[in-house]
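Read in order, the letters of the sequence shown are residues 1 to 403 in UniProt numbering.
C-beta: ideal position from N, C-alpha, C; glycine also.
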Amino acid sequence: MSIYIYRARSRNGKLVVGQIEAASLLAAEKNVENLQLIPLSVVEKSSISMNELIPSFQSISKKDIIIFSRQLATLYQSGVPISKSLTSLIEFTRNKKFKIVLQEVKDDLESGQTLAKSLSNHPKIFSEIYVNMVEVGESTGLLYDVLVRIALLMEKEMAIKAKVKSATFYPKLVITAIIIATAVLIGFVIPKFAMLYSSFNVPLPLETRILVAISDFFVNFWYIMLAIFAALIISVKLYLNSVSGRLWWDEYKLKIPIFGSIFYKSMMGQFTRIFGLLFQSGIPVNRAFELIRNSVDNKYFTRKIDELQEEITKGKSITQSFIDSKIFSPIIIQMVSVGEETGHIDEMLNKVADYFDEDLDHQLNILQASIEPILLSIIFGMVLFLALAIYLPIIDVINFTKK
């Protein structure tokens, strides 16, 4: 007798995973059916390969969703039924975890659910915006257009995040290296030089006295500094995890010099592009705001979106609601106003999104070009100070002995 792992559906469509003992694979499948279940897959436990264990550790990336959306759109446009399209995508999907998800989507679809409902059973993978867009596409017969738009939106978001990450990577790396190098110097190198200087019996330069004093303080009281630093980190984390703390930080970071405008442009580019896409798909304004609200990570902005929903419910225009919120820049308000007057809000929102994306790209390029000389200047200043602090006493001793 062998043990078999099975995946099956109950009569009400619920996914069931378990194991069963049987003399053969055929007997195992029969036993699963006797449990009033519809078997999806039955595998002998001893024959499970590493590839089947990988899904627990694999993640499903945005790139996987983009490729899926584009391929499904192409197959749908070619006249291939959704169920058969999913079969093809399952076969050629490399990500084992995503393969399982798509199989479950296909099973739900074949049990009578719509594609949108089948996707909504996996909220961690397919966002509420994604599901609602697909639902609109199914009901209007424009599923191909919707899937292509979703893929384009996700590609834009990925590109912007990659640029922001790239622009901030070098400064983070250099600052981390500076901190580590400084800690090594203060903790290990300077104390040895300090012992050497004490035997010189000559007055030390100001730079050296400052460096030795800092080194002595950290060497003698490092545990106090570590405790203060740990307490500070914990306190800040606790505050930022609170409702008021998160709200304050999300508002404040939009005002930080240089980086605040990067956060703002990235956020507004995402907002206008998603809003334009939802509006273009025929989703009501308040419902669109609700979907955007659930996808925005900035709590200050989500509160502003709540205010927008209230204003729209009271009968105010989108333009006036944007003006009253006091978070949208004049370019957004102006373009939305023109869109409302001409009946082409979605086009105006897409143009605003393109404007913010281009402006953000330009600012990131300037930041990358200017940050390197600034950091090099800081490093040069630190090296010069350390060189003077370490070697001036030695030069003084040499001069003193010559006399």
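In this structure, T313 lies away from V336, with their beta-carbon atoms at least 8 angstroms apart.
Looking at the DSSP output, A8 shares a beta bridge with V16, P39.
By the C-beta density criterion, T342 is exposed, having fewer than 16 other C-beta atoms within 10 angstroms. For I256, there is no enclosing alpha helix (DSSP H), as DSSP marks it with neither H nor E. Between the alpha carbons of T208 and L254 lies a distance of about 41 angstroms. For M1, there is no enclosing alpha helix (DSSP H), as DSSP marks it with neither H nor E. Rounded to whole angstroms, I256 and Y300 show a C-alpha spacing of 15 angstroms. For A23, the number of other beta carbons within 10 angstroms of its own is below 16, and it is reported as exposed. Selection L386, L25, N31 evaluated against V212 yields L386 as nearest (Cα-Cα). L277 sits buried, since 16 or more C-beta atoms from the chains shown fall within 10 Å of its C-beta. By the Cβ rule, the segment 282-299 counts as touching the segment 125-133, because three or more pairs are nearer than 8 angstroms. Excluding its 5 nearest sequence neighbours in each direction, G137 has C-beta neighbours in its own chain below 6 angstroms: L143, V146, listed in chain order.
Assigned with DSSP and collapsed to three states, A227 falls in helix.
When the Cα atoms are used, F271 and V16 turn out to be separated by approximately 39 angstroms. Note on T140: under 16 other CB atoms within 10 angstroms of its CB, so exposed under the neighbour-count rule.
Put simply, the segment 327-336 does not touch the segment 232-240. Fewer than three CB pairs are less than 8 angstroms apart. Between L364 and K163, the CB-CB gap stays under 8 angstroms. Distance between D359 and A369, taken at the CA atoms: about 15 angstroms. Non-local beta-carbon contacts of F169 in its own chain, meaning distances under 8 angstroms to residues more than five positions away in sequence, are absent.
By the Cβ-count criterion, A177 is exposed, with fewer than 16 other Cβ atoms from all chains shown falling within 10 Å of its own Cβ. When F218, N31, K156 are compared, the shortest CA-CA separation from L185 is found for F218. Within the DSSP secondary-structure output, E21 pairs in a beta bridge with I3. Looking at the DSSP output, E44 bridges to Y4.
In this structure, the straight-line span from the alpha carbon of A167 to that of V174 is close to 12 angstroms. In this structure, the straight-line span from the alpha carbon of D250 to that of N298 is close to 6 angstroms. DSSP places T168 in the uninterrupted alpha helix (DSSP H) bounded by 143-184. S69 and V383 have their C-alpha atoms roughly 53 angstroms apart.
For V243, same chain residues with a beta-carbon under 7 angstroms away, outside a window of 5 residues either side, do not exist. Distance from the CA of E307 to the CA of Y355, rounded to the nearest whole angstrom, comes to 25 angstroms. Annotation: the continuous alpha helix (DSSP H) that includes N286 extends over 285-295.
Linking S85 to Q19 through their CA atoms gives a straight-line distance of about 30 angstroms. Annotation for I190: L211, V212, S215 place their beta carbon closer than 7 angstroms to its own, counting only its chain and skipping 5 residues before and after. Across the structure, S88 and L349 are spaced so that their CA atoms are roughly 36 angstroms apart.
From the listed residues L40, I224, N34, the smallest Cα separation to I5 is found for L40. F126 sits in coil when the DSSP states are folded into three classes, being neither helix nor strand. If you compare the alpha carbons of K316, R287, F380, A353 with that of M133, the shortest gap goes to R287.
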